[in-house]
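S.K.: Count along the sequence shown from 1, add 37, and you get the number used in the numbering used here. Every residue, glycine too, gets a C-beta built ideally from N, C-alpha and C. These numbers were taken from a predicted model, which means no experiment stands behind them.
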Amino acid sequence: YKIASDDAKPDGSRSISCELVTTRSFSDKQVFNLGLSSITINIDGVPSTRKYLVLKVVTLAPHKIPEGGVLLVKNVDGEVLELHALSEGNAMVRKTEWIGNTPIAQYYDMVFYRVTEEDLAFLKKGIVKFRQETNFGKHEKEYKKEKDIKKATDVIINHDKLINEA
């Protein structure tokens, strides 16, 4: 786990983004990548930090995540957290992989969801499922094996630790 960018401005504002981590099973048609980021701004000389869950879902077709679009996250206790997209995400061809002589287009965009410290505590209990609303339906990822639940949860725990230490 590492910080991908750390940008501090002379006015005291700062943005930190952690490197996204792929959390997938071999058979996934939609590949979920997770991370955390933060923005700190000064309000009347007092620093205020906001944190964001960053989700990048790689698919084989274009899609849009509407501004305010819902992301549902289920934890190991069966509780569900509802988060809302900060802005629209427009998944376009970002990469093309070649399998033999056949090009396979990969569509994605990063979507940011504001999270509170309470939301982070919820996520740190153990993530078992994501459901992201799109203009064509939804993206879903369920972590069934203990090691997959641990990997998704460890991203949140370790990225939050990195941001707090920075």
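Please confirm whether Val113 and Val152 have their CB atoms less than 8 Å apart.
M.R.: no
S.K.: Jot down the residue ranges of each uninterrupted alpha helix (DSSP H) in the region 104–191, minimum 4 residues, whole runs only, in chain order.
M.R.: Every unbroken stretch of the alpha helix (DSSP H) spanning 4 or more residues and falling wholly within the region 104–191 is given here in chain order: 154–161.
S.K.: Given a cut-off of 8 Å, decide if Thr171 and Lys101 are closer than it, judged by their beta-carbon atoms.
M.R.: yes
S.K.: The beta strand (DSSP E) with Gly72 in it runs from where to where?
M.R.: 68–80
S.K.: Does DSSP classify Leu199 as helix, strand or coil?
M.R.: Leu199 carries a helical assignment under DSSP once its states are collapsed to helix, strand and coil.
S.K.: Is it buried or exposed, Val130, if we count other Cβ atoms within 10 angstroms and call 16 or more buried?
M.R.: It counts as exposed.
S.K.: How close, in whole Å, do the beta carbons of Tyr145 and Lys93 come, if the pair is a contact with beta carbons under 8 Å?
M.R.: 5 Å
S.K.: With distances taken from CA atoms, which of Leu199, Phe149, Glu116, Ile193 is nearest Ser124?
M.R.: Of the candidates Leu199, Phe149, Glu116, Ile193, the one whose C-alpha sits nearest the C-alpha of Ser124 is Phe149.
S.K.: Output yes or no for whether 8 Å exceeds the beta carbon distance between Ser75 and Arg61.
M.R.: No. Outside cutoff.
S.K.: Please return the same chain residues whose Cβ sits closer than 6 Å to the Cβ of Val58, not counting the five positions on each side in sequence.
M.R.: Excluding residues within five positions, the ones whose Cβ falls inside 6 Å are Leu71, Val192.
S.K.: What does Asp44 pair with, by DSSP beta-bridge criteria?
M.R.: Ser52
S.K.: Taking the continuous beta strand (DSSP E) assigned at Pro84, which residues delimit it?
M.R.: 83–95
S.K.: What do you get for Gly126, buried or exposed, if any count of 16 or more other CB atoms within 10 angstroms of its CB means buried?
M.R.: buried
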